[in-house]
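Everything below concerns the one structure shown next.
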Amino acid sequence: MGRSVKSAKSSIKETYQLMDSLQETVRNDIKSNISSFEESLRTRLSEAENAIIESSRAREAMVAGIIIMRKSIEKAQRKFSRNNNVEDLRNTLLDVAKDISRLRLANDKISDSISMVIHPNMSAVEAVEKFAFDIQRFAGSWERIGREIDQSISELCDDQEPSELIDLESFISRQGYDKLIQNQDSSKSLGAESE
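Letter 175 of the sequence shown, counting from 1, is numbered 156 in the numbering used here, and no numbers are missing.
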């Protein structure tokens, strides 16, 4: 027996619920992944911003210190040219050498922090790749639900002849009525030809 209208409507309603579930799942998956994607990008930029600004400040301080050291050496040179006191010049140069050593250490720290920015745990490109991979992974489950929807629709589409029709034709044939129908069809076609 064919599917009743009530049964078909009930099945269609279930398919709509499955469709609503799929849409909600897609929305939730994208929403949660967008949040982590945005957070990854924000973290990347925030960490880079801090390191870049701190390194810029440190470099400005280094340049200011270098200018002061340069002036100190020039002053010691002028003083040396007047009094030939090698010890004063040596002390000034030793102080400058210590300061240069401290500046080199500071510069190494700056380079390390900038290196972390250039080679982060997760770059912006990697964040995009991870987002795309996660979406693709979720798309597999979305496709599965989509197949269920298509399968449900296919099951609802009944293109078979009703069994009652087959039974009726069989009954007519068993009773021999099909001969009467064939004769009637033949006489109608002969009548049409004679006209």
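Think of the CB as a built atom: it goes at the ideal place given N, C-alpha and C, for glycine as much as any other residue. In this text the structure is predicted, and so the values were computed from the model without any measurement.
Run through DSSP, which three-state label would D140 get?
Along the sequence shown, read from residue 1 onward, the residue named residue 140 stands at position 159. DSSP places D140 in coil when its eight states are reduced to three.
In whole angstroms, what separates the C-alpha of D115 from that of S144?
Your numbering for residue 115 matches position 134 in the sequence shown. Your numbering for residue 144 matches position 163 in the sequence shown. Near 49 Å, if we compare the C-alpha coordinates of S144 and D115.
Using 9 Å as the threshold, is the C-beta distance between E28 and P101 below it?
Translated into the one-based positions of the sequence shown, residue 28 becomes position 47. Translated into the one-based positions of the sequence shown, residue 101 becomes position 120. For E28 and P101, yes; Cβs fall inside 9 Å.
Could you check where the alpha helix (DSSP H) with N66 kicks off and where it finishes?
The count along the sequence shown starts at 1 and reaches residue 66 at position 85. Per DSSP, N66 belongs to no alpha helix (DSSP H) and is neither H nor E.
Are the segment 101 to 112 and the segment 35 to 50 touching, with three or more C-beta to C-beta distances below 8 Å?
no
On the three-state DSSP scale, how would you describe G254?
Only positions -18 to 176 of the chain appear in this structure, which leaves residue 254 out of reach.
S104 in three-state terms, based on DSSP
What you label residue 104 is simply residue 123 of the sequence shown in a count that begins at 1. DSSP places S104 in coil when its eight states are reduced to three.
Validate contact between the segment -9 to 7 and the segment 113 to 133 using beta carbons, cut 8 Å, 3 pairs:
yes
Can you tell me the Cβ-Cβ gap for A(-11) and L146, rounded? I've got them flagged as a contact below 8 Å.
Position 8 of the sequence shown holds residue -11. Position 165 of the sequence shown holds residue 146. About 18 Å separates the two Cβ atoms, so there is no contact after all.
Which class does S(-15) belong to by DSSP, given the choice of helix, strand or coil?
Position 4 of the sequence shown, counted from the start, is the residue given in the question as residue -15. It is coil, neither helix nor strand.
What do you get for S13, buried or exposed, if any count of 16 or more other CB atoms within 10 angstroms of its CB means buried?
Locating residue 13 in the sequence shown gives position 32, where the first residue counts as 1. The residue in question, S13, is exposed, as its Cβ has fewer than 16 Cβ neighbours within 10 Å.
Candidates V7, S96, V67 and V(-14): closest to A32 by CA position
What you label residue 32 is simply residue 51 of the sequence shown in a count that begins at 1. Closest option to A32, Cα to Cα, is S96.
A45, buried or exposed, once every other Cβ within 10 Å from all chains shown has been counted against 16:
The residue you call residue 45 lines up with position 64 of the sequence shown. Burial call: exposed.
Given this structure, state the Cα-to-Cα distance separating E5 from S122, to the nearest angstrom.
On the sequence shown, residue 5 is found 24 positions in, with the first residue counted as 1. On the sequence shown, residue 122 is found 141 positions in, with the first residue counted as 1. Near 13 Å, if we compare the C-alpha coordinates of S122 and E5.
Exposure of A78, with buried meaning 16 or more beta-carbon neighbours within 10 Å:
Counting from one through the sequence shown, the residue named residue 78 turns up at place 97. Looking at its Cβ environment, which holds fewer than 16 other Cβ atoms inside 10 Å, A78 is exposed.
Compute the Euclidean distance between the alpha carbons of Q66 and L26, then round it to the nearest angstrom.
What you label residue 66 is simply residue 85 of the sequence shown in a count that begins at 1. What you label residue 26 is simply residue 45 of the sequence shown in a count that begins at 1. Note that residue 66 is Asn in the sequence shown, not Gln. Between N66 and L26, the C-alpha separation is close to 54 Å.
Outcome for S135 when other beta-carbon atoms lying within 10 angstroms are tallied against a minimum of 16
Within the sequence shown, the letter at position 154 stands for residue 135. Exposed.
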